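First up is the structure itself, then whatever we jot down about it.
Number of protein chains: 2
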Amino acid sequence: AAFSIPDLYNGIVQRDRSSLARAITLIESNAEQHFSLAQELLQKVLPKSGKSLRIGITGVPGAGKSTFIEAFGMHLCNLGFRVAVLAVDPSSSISGGSILGDKTRMEQLSRHPNAFIRPSPSEGKLGGVHRKTRETMLLCEASGFDVILVETVGVGQSEAIIRDMVDFFLLLVLTGAGDELQGMKKGIMELVDAIVVNKADGDNKPLALKTKKEYNQILHFLHPATSGWRTKAYTCSSLYLEGISEIWNVILEFEKNTKASRMFNERRKIQNKKWLYSMISDQLHYRFFQQSEVKSVLPRLERAVMDGEKSVSAAVFELFNES
Amino acid sequence: AAFSIPDLYNGIVQRDRSSLARAITLIESNAEQHFSLAQELLQKVLPKSGKSLRIGITGVPGAGKSTFIEAFGMHLCNLGFRVAVLAVDPSSSISGGSILGDKTRMEQLSRHPNAFIRPSPSEGKLGGVHRKTRETMLLCEASGFDVILVETVGVGQSEAIIRDMVDFFLLLVLTGAGDELQGMKKGIMELVDAIVVNKADGDNKPLALKTKKEYNQILHFLHPATSGWRTKAYTCSSLYLEGISEIWNVILEFEKNTKASRMFNERRKIQNKKWLYSMISDQLHYRFFQQSEVKSVLPRLERAVMDGEKSVSAAVFELFNES
């Protein structure tokens with residue numbers, strides 16, 4: 001498909017959904033000839049971007065992320081906001097898992113005229129998924145979306161990357177803090193601005209309230225993710241739509257506080273800077289490790305170093321002087 | 001000074017302290033002509049290295065690290081072990097802080113014939129301090145030291161680096177878990193194999209026992225740093241030498257368990273591999289950012305990216321195509 005940058009740009013800023021979708025496809029393309037076109041488009045939309053509230057949502061599989069996003073997203077859409085939902089990893093519920101189940105659960109939101117749902121980009125080189133998600137966020141903002149929800153699975157390393165991508169980061173959990181904490185990286189509690197105990201309904205409600213208390217006790221010992229903001233635990237029922245508007249109010253309060261303290265803009269600047277250096281680093285590694293000389297000697301050096309036959313410094317010296 | 005590698009090697013393996021000290025000076029040298037000599041020496045000693053128990057000790061300033069190391073080191077020396085004490089950062093107590101105070105406190109150990117104390121190397125390029133400490137560790141091992149104590153201050157990023165350098169990692173704390181946790185990165189509790197509440201003596205003892213209990217409660221929720229090993233809290237009095245031999249027994253039990261499960265050797269292999277890739281990465285960054293073309297355009301690009309005037313991808317593209 002041929003891409004016309006002026007046409008895509010006009011479509012995006014005029015809030016045309018198919019232009020936005022096509023532009024994201026261009027951003028996601030791994031074809032080399034698309035890269036400079038994508039960059040041209042990004043540069044054009046940049047002045048129109050940055051005006052949304054960027055919210056990250058994480059949680060272990062089964063924490064009910066898609067049900068929560070459906071309920072939370074519908075709440076925002078009904079308030080008149082335009083909401084884009086992006087996923088960062090292929091295992092996120094909006095793209096992975098049971099497709100039929102997810103379709104059913106996110107059905108309402110996916111049909112709402114104010115919502116735009118985009119599954120995770122397929123893997124590409126150079127930390128490409130995160131780059132593509134960030135750039136997709138900019139396109140959505142230029143297309144007038146007020147809130148961007150970025151979903152990720154709370155396992156592995158993606159949480160720190162999401163933290164560097166969003167203004168507000170929310171961890172969705174189930175009842176039984178202790179059990180769940182066992183399966184979760186603890187560091188995540190110091191990355192988030194709120195912990196929401198989901199499925200606080202029916203028989204589960206007393207346990208959810210107890211869990212909330214337990215999380216608040218642990219949070220008491222931890223550093224907050226955002227200086228000047230106290231991370232707390234909340235409960236909600238995505239099924240019965242209880243606690244959803246309260247969470248939105250917490251986020252609005254967070255936005256108000258951090259904008260007043262300039263923390264909001266400061267964080268975005270730092271995020272941009274970190275992103276720049278992380279992409280430089282990705283490029284350096286990619287360019288180095290794809291060299292055929294490096295590819296041919298590295299396995300032998302790595303083995304010798306692991307087995308204690310060669311010092312690390314000697315291996316590095318050899319690597320940089322043979323390639 | 002001229003360095004003779006065969007002489008240094010012979011001196012090291014014959015446990016001559018001044019040869020060891022001179023070899024460390026060679027490793028620490030930032031002079032380019034010393035680098036290949038140092039690598040030649042390292043390659044020679046490598047088969048003789050690796051036989052010690054490497055123990056990392058961290059804690060916030062004031063936790064009593066030098067007093068603990070004095071007491072713990074003396075205990076090991078009196079058992080007949082040869083003990084080397086290295087510091088990783090200039091602010092560690094054996095090199096920074098009040099020099100007079102530290103000398104007094106570590107006086108006994110520093111005069112013991114089984115002990116060797118080496119302060120932190122001064123800063124060099126390329127994560128040089130950590131490289132130098134690792135390589136110094138290898139030299140000490142080749143010189144027959146049975147236990148290497150690596151000291152660092154429990155703030156900043158050095159803990160993760162020490163974790164990747166040692167077999168057993170110990171966190172020294174004071175009473176009042178809550179208060180102290182406030183000033184400490186929480187992640188550190190998931191990096192260590194034991195938490196030792198120091199200064200459990202006199203009026204402070206009941207509080208120390210309470211603190212131990214509090215840490216054990218928190219540890220219950222966390223992942224252990226070493227799979228198959230349960231990280232627990234202990235108390236000790238470095239002043240009255242109480243609990244010191246118990247801590248050594250814990251470490252011996254750890255060694256026995258992890259050697260039986262092969263975790264011990266597996267971790268060392270992985271440490272070597274990580275070290276290799278981290279040095280490659282250091283080299284790549286160093287070589288890139290020292291280029292004059294990069295130096296001249298980077299500040300402008302960084303500013304434009306932070307202010308949202310230029311997309312990160314465009315900045316990176318420009319950087320790699322202008323340099």
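Residue numbers (our numbering), protein chains in the order written: chain A, 1 to 323; chain B, 1 to 323.
For glycine and all other residues, C-beta sits at the position ideal for the given N, C-alpha and C.
All values derive from a computational prediction rather than experimental measurement.
Interface residue (Cβ-Cβ distance to chain A less than 8 angstroms): Gln33 (chain B) is not classified as such.
Counting every other CB atom within 10 Å of its CB across the protein chains shown gives Ser52 (chain A) a total of 16 or more, marking it as buried. If you check the CB distance, Leu219 (chain B) and Val196 (chain B) do not come in under 8 angstroms. Around the C-beta of Ala31 (chain B), fewer than 16 other C-beta atoms lie within 10 Å, and the residue is accordingly described as exposed.
With a threshold of 16 other beta carbon atoms within 10 Å, Asp7 (chain A) falls short and is exposed. Thr152 (chain B) is bridged by DSSP to B:Thr58. Using beta-carbon distances, Met306 (chain B) counts as an interface residue toward chain A, with a partner under 8 angstroms. Counting only runs of 3 or more residues that sit fully inside the region 197-266 of chain A, the beta strand (DSSP E) segments are 232-235, in chain order.
Arg300 (chain B) carries a helical assignment under DSSP once its states are collapsed to helix, strand and coil. When rounded, the separation of the alpha-carbon atoms in Ile247 (chain B) and Gly144 (chain B) is 23 angstroms. Taken through DSSP and simplified to helix, strand or coil, Ala115 (chain A) comes out as strand. The beta carbon of Arg54 (chain B) is closer than 6 angstroms to those of Ile148, Val166, Asp167 in its chain, skipping five residues each way along the sequence.
Cβ contact annotation for Ala304 (chain B) (same chain, cutoff 7 angstroms, sequence separation greater than five): Lys310, Ala315, in chain order. Taking C-beta atoms as the reference points, Asn272 (chain B) and Phe68 (chain B) fail to come closer than 8 angstroms. Within the same chain, and ignoring the five residues on either side of Met263 (chain A) in sequence, the residues whose Cβ sits closer than 7 angstroms to its Cβ are Thr226, Ser227, Gly228. Put simply, the backbone Cα of Leu239 (chain B) is about 19 angstroms away from that of Lys210 (chain B). Per DSSP, reduced to three states, the secondary structure at Phe317 (chain A) is helical. Contact between Asp201 (chain B) and Glu242 (chain B) holds, since their C-beta atoms are separated by about 7 angstroms, short of 8 angstroms.
DSSP places Leu191 (chain B) in the coil class of the three-state scheme, outside both helix and strand. When secondary structure is reduced to three states using DSSP, Ala38 (chain B) falls in the helix class. Approximately 5 angstroms separates the beta-carbon atoms of Glu190 (chain B) and Leu222 (chain B); this is inside 8 angstroms, confirming the contact. Within chain A, the C-beta atoms nearer than 8 angstroms to that of His285 (chain B) come from Ser281, Leu284, in chain order. Rounded to the nearest angstrom, the gap between the Cα atoms of Lys259 (chain B) and Asn265 (chain B) is 7 angstroms.
Residue state for Val166 (chain B) is assigned as coil, using DSSP reduced to three classes. If you compare the alpha carbons of B:Ala23, B:Pro224, B:Arg230, B:Thr235 with that of Lys213 (chain B), the shortest gap goes to B:Thr235.
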